[in-house]
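Residue 53 in numbering that gives the first Met the number 0 sits at position 54 of the sequence shown; the count goes up by one each step and never skips. All C-beta atoms in this analysis are idealised placements derived from N, C-alpha and C, irrespective of residue type, glycine included. Predicted, not measured: the structure shown is a model, and the values here were computed from it. Contents: one structure, followed by commentary.
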Amino acid sequence: MTESETNEPSPDDIGPEVRRAVGRIYRRVRSEMHDEQLGDTAVSVLAYLVKHGPQTPGLLSELERVTPPAMNQTINILQTEGLVTRAPDPSDGRKVLVAATDQGITRAAELRTAKHVWLNSRLDQLSPAERRVLVEAARILNEIAGS
Numbered sequence: 000m001t002e003s004e005t006n007e008p009s010p011d012d013i014g015p016e017v018r019r020a021v022g023r024i025y026r027r028v029r030s031e032m033h034d035e036q037l038g039d040t041a042v043s044v045l046a047y048l049v050k051h052g053p054q055t056p057g058l059l060s061e062l063e064r065v066t067p068p069a070m071n072q073t074i075n076i077l078q079t080e081g082l083v084t085r086a087p088d089p090s091d092g093r094k095v096l097v098a099a100t101d102q103g104i105t106r107a108a109e110l111r112t113a114k115h116v117w118l119n120s121r122l123d124q125l126s127p128a129e130r131r132v133l134v135e136a137a138r139i140l141n142e143i144a145g146s
């Protein structure tokens with residue numbers, strides 16, 4: 000049954016709208032955090048390192064769903080910019096750990112602030128009722144994403 004038959008939207012009715020809205024908000028938030036010298040993957044890796052501490056390149060490539068050589072290029076860009084360092088893993092000298100530098104932590108904070116300023120300015124324009132709807136929608140979307 001479709002929405003017209005039951006007056007309730009079906010998954011077929013809702014799915015495309017949800018995908019479109021989530022995709023648009025994702026792209027817009029990413030564009031607000033865009034750094035001219037770094038690509039999206041580098042910004043994402045830097046943010047992850049700041050939040051979670053030193054990681055192996057292998058784990059980073061899995062998280063970003065890129066090949067190890069592509070992650071190596073990303074790490075090289077970050078290292079050239081002085082945003083990360085590579086060092087031997089103290090628990091396994093054969094492995095390398097990538098860590099954010101102080102400069103990397105500062106840059107990640109600047110990018111995060113730009114993202115928050117943009118989103119908060121848009122949320123500030125909503126009515127209290129719209130904000131409550133958005134809180135509930137976010138809860139539902141998080142539930143869907145976690146299933």
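If we call anything under 8 Å between Cβ atoms a contact, is A41 one with T73?
On the sequence shown, residue 41 is found 42 positions in, with the first residue counted as 1. On the sequence shown, residue 73 is found 74 positions in, with the first residue counted as 1. In this structure, T73 lies closer than 8 Å to A41 by Cβ.
Does the count of Cβ pairs from the segment 23-39 and the segment 102-119 closer than 8 Å reach three?
yes
Return helix, strand or coil for T40, following the three-state DSSP convention.
Here residue 40 is taken as the residue at index 41 of the sequence shown, counted from 1. DSSP places T40 in helix when its eight states are reduced to three.
What is the C-beta distance between A147 and T84, in whole angstroms, given that I count them as a contact (C-beta under 8 Å)?
Since the displayed the chain opens at 0 and closes at 146, residue 147 lies outside it and no answer follows.
If you follow the alpha helix (DSSP H) that G145 is in, where does it begin and where does it stop?
Working through the sequence shown from its first residue, we reach residue 145 at position 146. Taken as a continuous stretch (DSSP letters only), the alpha helix (DSSP H) holding G145 covers 127-145.
Answer yes or no: do P87 and N71 have a C-beta to C-beta separation smaller than 8 Å?
Against the sequence shown, residue 87 aligns to sequence position 88. Against the sequence shown, residue 71 aligns to sequence position 72. No, Cβ-Cβ distance for P87 and N71 is not below 8 Å.
Extent of the continuous alpha helix (DSSP H) to which L77 belongs:
Locating residue 77 in the sequence shown gives position 78, counting from the first residue. Residues 67-79.
For L96 and Q54, which I take to be in contact (beta-carbon distance under 8 Å), what is that distance rounded to the nearest angstrom?
Numbered from 1 along the sequence shown, position 97 holds the residue referred to as residue 96. Numbered from 1 along the sequence shown, position 55 holds the residue referred to as residue 54. Indeed, because the Cβ distance is near 7 Å, the residues count as touching under 8 Å.
Rounded C-alpha distance that separates D12 from R106:
Locating residue 12 in the sequence shown gives position 13, where the first residue counts as 1. Locating residue 106 in the sequence shown gives position 107, where the first residue counts as 1. Near 41 Å, if we compare the C-alpha coordinates of R106 and D12.
Pair within 8 Å by beta-carbon distance, E63 and V44:
Numbered from 1 along the sequence shown, position 64 holds the residue referred to as residue 63. Numbered from 1 along the sequence shown, position 45 holds the residue referred to as residue 44. In this structure, V44 lies closer than 8 Å to E63 by Cβ.
What residues are listed by DSSP as bridge partners for V83?
Along the sequence shown, read from residue 1 onward, the residue named residue 83 stands at position 84. Paired residues: A99.
N- and C-terminal bounds of the alpha helix (DSSP H) containing D11
By one-based count along the sequence shown, residue 11 stands at place 12. Counting along the chain, the alpha helix (DSSP H) containing D11 begins and ends at 10-31.
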